[in-house]
Amino acid sequence: MIKRIFAVALVLLLVGTVSIQAQQRNMLPRFPELIIEKGLSESFEVSECAAKVSISGNDADSTLKVTIKNKADKPVSSSMKFRILYPAGESHVRIRVDGKSVRFDRTSPRHTFELQPGAMINFEISARTSVNYSVDSVRKALREQEDKIKRKKGFLMEDFSRLFEREKFGRRFMIGPLVSKWGLFPVDFIKSSIEVSVPSEFVMVSPNAEIWKESHSGNTRVFKSEALENFAAAVFLPEGDREDFIQTQQVLTSENFMH
Numbered sequence: 001m002i003k004r005i006f007a008v009a010l011v012l013l014l015v016g017t018v019s020i021q022a023q024q025r026n027m028l029p030r031f032p033e034l035i036i037e038k039g040l041s042e043s044f045e046v047s048e049c050a051a052k053v054s055i056s057g058n059d060a061d062s063t064l065k066v067t068i069k070n071k072a073d074k075p076v077s078s079s080m081k082f083r084i085l086y087p088a089g090e091s092h093v094r095i096r097v098d099g100k101s102v103r104f105d106r107t108s109p110r111h112t113f114e115l116q117p118g119a120m121i122n123f124e125i126s127a128r129t130s131v132n133y134s135v136d137s138v139r140k141a142l143r144e145q146e147d148k149i150k151r152k153k154g155f156l157m158e159d160f161s162r163l164f165e166r167e168k169f170g171r172r173f174m175i176g177p178l179v180s181k182w183g184l185f186p187v188d189f190i191k192s193s194i195e196v197s198v199p200s201e202f203v204m205v206s207p208n209a210e211i212w213k214e215s216h217s218g219n220t221r222v223f224k225s226e227a228l229e230n231f232a233a234a235v236f237l238p239e240g241d242r243e244d245f246i247q248t249q250q251v252l253t254s255e256n257f258m259h
């Protein structure tokens with residue numbers, strides 16, 4: 001049981017899937033995200049979402065504009081948590097709620113609100129964040145786990161550690177759920193637009209590549225999608241890191257590792 005729990009937690013950690021207990025420092029760099037903390041996810045809909053990011057060097061300059069509607073027949077009282085990973089600093093984060101500036105407080109990054117039936121609330125976040133990602137904390141967790149687990153049928157934890165020793169500290173940027181309940185449950189999207197501009201040496205790894213359109217402009221690649229679902233989990237990274245990254249994901253989701 002302990003091994004199974006560890007395996008599941010590790011998969012969520014590395015592919016970037018949000019988890020209530022996941023430490024933010026272990027998550028892939030990504031867009032700012034809105035996390036609804038109270039109320040049923042069925043009560044909310046994302047009437048409009050526009051996410052845009054430009055990656056240059058080690059920085060990502062991103063904006064997220066979201067309109068959320070209460071589609072229930074009763075008032076909803078809730079709070080919205082702002083998940084902004086690896087910000088360059090609090091001064092590099094700007095938040096507006098219904099056009100009014102809201103201070104970004106890293107110790108309590110949230111905003112309480114109440115919506116009447118059919119009412120809407122608008123959020124706008126702009127942030128400069130780092131795209132540098134390190135798996136050092138994951139390596140440490142694996143080594144600690146090796147002290148407890150000698151062998152696993154069909155798969156050795158020490159083999160998994162060696163796999164991670166080959167992965168370098170590098171640049172990553174992921175598309176997360178953008179808006180969710182508790183960081184776990186999806187919210188219906190009515191209109192969505194996502195644009196990712198990356199250096200020409202970057203590529204995209206996605207289980208749903210067909211929903212993206214790619215174009216080139218000078219030394220920049222631009223990926224766009226208007227899909228209402230399946231956009232999460234797309235990862236952008238240097239082409240030289242692609243094969244190792246894919247191999248890592250295949251190991252993490254393999255039947256031998258999960259069972």
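For the sequence shown, my numbering begins at 1 and goes up steadily by one. Even glycine gets a Cβ: it sits at the ideal position worked out from N, Cα and C.
For the set Met204, Phe173 and Ala119, the Cα lying nearest the Cα of Arg242 is the one of Met204. In the displayed model, Ile211 falls within a helix according to three-state DSSP. CA-to-CA, the gap between Pro199 and Phe44 works out to about 36 Å. Where Val102 is concerned, the enclosing beta strand (DSSP E) starts and stops at Lys100 to Val102. Rounded to whole angstroms, the separation of the alpha carbons of Trp182 and Lys224 is 27 Å. Between Val76 and Leu34, the C-beta spacing is not below 9 Å. Membership of His111 in the beta strand (DSSP E) is indicated by the continuous run Arg110 to Leu115.
Pairing Val187 with Ile68 gives a Cβ-Cβ distance under 9 Å. Here Gly39 is not near Ser91, since their CB atoms are 9 Å or more apart. Put simply, of Tyr133, Phe123, Ala227 and Gly89 the residue whose alpha carbon is nearest the alpha carbon of Ser192 is Ala227.
As DSSP reads the structure, Ile194 sits in a beta bridge with Ala51 and Ser225. Rounded to the nearest angstrom, the gap between the Cα atoms of Pro117 and Ser56 is 42 Å. Within the same chain, and ignoring the five residues on either side of Glu48 in sequence, the residues whose Cβ sits closer than 6 Å to its Cβ are Thr67 and Lys191. Ranked by Cα distance from Ile175, the first of Phe245, Ser62, Glu37 and Val46 is Ser62. Taking the CA atoms as reference points, Phe231 sits about 9 Å from Pro207. Asp244 has its alpha-carbon roughly 44 Å from the corresponding atom of Met120. Here DSSP, grouped into helix, strand and coil, assigns Glu37 to coil.
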